[in-house]
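In this note's numbering, the protein residues as written are 7 to 248.
The C-beta atom is built at its ideal place from N, Cα and C for all residues, glycine as well.
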Ligand SMILES: [Mg+2]
């Protein structure tokens with residue numbers, strides 16, 4: 007039996023909601039914003055407004071907590087028609103600050119899997135995440151996982167071009183590269199599109215922007231597992247999935 011691991015020279019890991027908890031922290035922050043803005047709108051209206059402001063700002067601010075903070079402030083200004091006070095804006099900045107300083111909670115089996123893989127002669131391990139450079143670097147330090155990775159790439163977006171360029175830079179053929187992540191949009195579909203392999207580990211909460219319609223997955227050969235431990239087993243050829 008040919009094990010996927012036999013030809014793999016690089017395994018790349020997404021960070022947020024693949025290695026550690028992230029999206030629930032954003033949702034928790036959003037709930038606190040709802041409480042703050044309760045006099046000006048119901049949660050549904052606030053959520054809708056915030057998402058539309060985030061989408062409008064994405065191209066300028068990029069992904070990450072600082073862009074999110076600015077989008078929360080803009081949402082507050084728009085929803086209150088400029089009546090939000092300086093003190094309330096300070097509270098929103100404090101919400102963003104707390105998000106930037108949140109302790110890192112590793113997902114189950116992550117450290118064991120990285121320990122196991124790092125102990126083997128090959129392949130090399132890469133952290134490949136999108137977002138704000140300082141925020142992601144700081145999360146990696148706080149996670150204590152930094153030493154397991156041979157390479158760390160923090161990029162502004164993860165699309166086909168990003169993966170193509172990354173493979174080129176490391177002198178890798180698509181069949182030598184495997185990506186592991188929780189986002190079909192960022193970690194799985196663009197990787198499959200360039201002919202490399204990807205392992206999808208869904209997380210219970212996904213940001214609306216990262217979701218993909220079921221129809222888009224048909225015939226793509228998405229490998230889906232339940233946990234990092236199962237991802238390791240798939241790499242070793244111990245489990246075969248769709
Ligand atoms: Mg992720």
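Cα-Cα separation, residue i to residue j
i           : j           : result
residue 228 : residue 155 : 25 angstroms
residue 159 : residue 45  : 42 angstroms
residue 102 : residue 157 : 28 angstroms
residue 37  : residue 107 : 18 angstroms
residue 205 : residue 137 : 21 angstroms
residue 186 : residue 99  : 33 angstroms
residue 119 : residue 92  : 47 angstroms
residue 57  : residue 173 : 33 angstroms
residue 200 : residue 97  : 44 angstroms
residue 83  : residue 31  : 23 angstroms
residue 25  : residue 133 : 10 angstroms
residue 150 : residue 238 : 20 angstroms
residue 47  : residue 69  : 26 angstroms
residue 53  : residue 42  : 13 angstroms
residue 11  : residue 235 : 15 angstroms
residue 49  : residue 176 : 46 angstroms
residue 207 : residue 87  : 41 angstroms
residue 221 : residue 140 : 36 angstroms
residue 219 : residue 191 : 10 angstroms
Residue i CB to nearest heavy atom of ligand 2 below 7 angstroms
i           : result
residue 138 : Looking at this structure, you won't find ligand 2 anywhere; what it does contain is ligand 1.
Cβ shell of residue i (< 6 angstroms), same chain only, five flanking positions each side left out
i           : result
residue 81  : 55, 56 and 59
residue 202 : 180 and 183
Top-ranked residue by Cα proximity to residue i, from the options
i           : options               : result
residue 117 : 194, 233, 140 and 164 : 233
residue 114 : 179, 209 and 15       : 209
residue 188 : 19, 168 and 165       : 19
residue 194 : 164, 90 and 212       : 164
residue 170 : 147, 149, 148 and 197 : 197
residue 125 : 78, 153, 110 and 145  : 153
residue 61  : 211, 33, 216 and 144  : 216
Residues that residue i bridges to, as DSSP identifies them
i           : result
residue 157 : 132
residue 96  : Answer by DSSP bridge pairing: none, since residue 96 is not bridged.
residue 230 : 206
Rounded Cβ spacing between residue i and residue j (contact assumed at less than 8 angstroms)
i           : j           : result
residue 112 : residue 123 : In fact, because the Cβ distance is near 15 angstroms, the residues do not count as touching under 8 angstroms.
residue 35  : residue 85  : Actually they are not in contact, since the Cβ atoms of residue 35 and residue 85 sit about 16 angstroms apart, beyond 8 angstroms.
residue 79  : residue 184 : About 39 angstroms separates the two Cβ atoms, so there is no contact after all.
Proximal residues to residue i (C-beta, below 7 angstroms), its chain only, five neighbours per side dropped
i           : result
residue 13  : 181 and 182
residue 135 : 20, 21, 22, 142 and 160
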